[in-house]
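Some notes on the structure that comes next.
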Amino acid sequence: MAAAAGVPGALGTLRAGRARLVAAYCAGIGPGWRLPGSWTGLPVGPAIWARGWTPAAGGAAWRRGYSSEAKTEDELRVRYLEEENRGIVVLGINRAYAKNSLSKNLVKMLSKAVDALKSDKKVRTIIVRSEVPGIFCAGADLKERVKMHSSEVGPFVSKLRAVINEIANLPVPTIAAIDGLALGGGLELALACDIRVAASSAKMGLVETKLAIIPGGVTHENTEKIYKKIDPFEKNYQIETGKIKQGL
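The letter at position 153 of the sequence shown is residue 153 when you use the UniProt record's numbering, and the numbering goes up by one with no holes.
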């Protein structure tokens, strides 16, 4: 209940049951998850976790209730939950061979999915998560970027920045379920969401500064508001050092 009350703006109107459901769903990867705050936020206690997953006495076992159809190609799986979870959409990043890095194709698919979801009146909550254990998103695909012609780099960065802004401006609550690494653009993707739920295994950082690459949100006024969700000292420390921060 406190989880819903502690979130500002539109999220503050979420029912406590919805907040517990979302937290419990995200906690399916493992215990030790947290709700919003600087990088990760307030702990999700055992009581909330239990209420989300344990059926009532004599009731049927809880299940996720995915629709059977994946709505996009394999690198991005879009699932609409059913039954009592109807209205929740899960965006699952699935590039295991590239540590879920953001390629041109994945960014294009994310943009297409977000564009469809923002006009879908049946969608009430969107969860962004990884389909790959131990990795949320490693940021931009630097191997692909090295092969890009110089004329391609600018448009790619602009498109990636636009997608992150589109997620930040979605009209429904968004939740990032962070398991494992969330680096560079992957962390910016998580920060674009209204709520971040992080496993104890989560590791986050703006490591691109070690490669003399300035994080996109630092130089773009629309994306800068994403960074206001974290403590200014913490933000500056992460940008200037490029160090990785443990989820808990």
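Virtual Cβ for every residue (Gly too), placed ideally from N, Cα, C.
So residue i packs on residue j, CB below 8 Å; how close in whole Å?
i: residue 192; j: residue 167; result: 4 Å
i: residue 144; j: residue 104; result: 7 Å
i: residue 148; j: residue 182; result: Rounded, the Cβ-Cβ distance is 23 Å, inconsistent with contact.
i: residue 137; j: residue 165; result: Not confirmed; about 16 Å, so no contact.
Just to confirm my understanding: we take residue i, look at its own chain, exclude 5 residues before and 5 after, and list those with CB closer than 6 Å. What are they?
i: residue 95; result: 75
i: residue 63; result: Residue confidence for residue 63 is low, a pLDDT of 39 falling below 50, so the modelled location carries little weight and cannot support an answer.
i: residue 253; result: Any question about residue 253 goes unanswered here, given that the chain covers just 1 to 248.
So residue i is in the beta strand (DSSP E); what residue range does that whole segment cover?
i: residue 190; result: Where residue 190 is concerned, there is no enclosing beta strand (DSSP E), although the alpha helix (DSSP H) it sits in stretches over 185–192.
i: residue 130; result: 125–130
i: residue 80; result: 76–80
i: residue 199; result: From DSSP, residue 199 is part of no beta strand (DSSP E); its letter is neither H nor E.
i: residue 91; result: 88–93
i: residue 139; result: Segment: none, residue 139 is in no beta strand (DSSP E) and carries neither H nor E.
i: residue 177; result: 174–178
Please go through the same chain and pick out, in chain order, the residues whose beta-carbon is closer than 8 Å to the beta-carbon of residue i, but skip the five residues on each side of it.
i: residue 170; result: 114, 117, 118 and 126
i: residue 160; result: 102, 107, 140, 185 and 216
i: residue 162; result: 111
Tell me which same chain residues have a C-beta within less than 7 Å of the C-beta of residue i, skipping the five on either side of it?
i: residue 123; result: 87, 89, 117 and 172
i: residue 150; result: none
Starting from residue i, trace the alpha helix (DSSP H) both ways and give me its first and last residue.
i: residue 113; result: 104–117
i: residue 161; result: 150–168
i: residue 145; result: 142–147
Open item on the list: Quick test of the definition: if touching needs 3 or more C-beta pairs under 8 Å, does the region 108–121 touch the region 142–156?
Closed with: no
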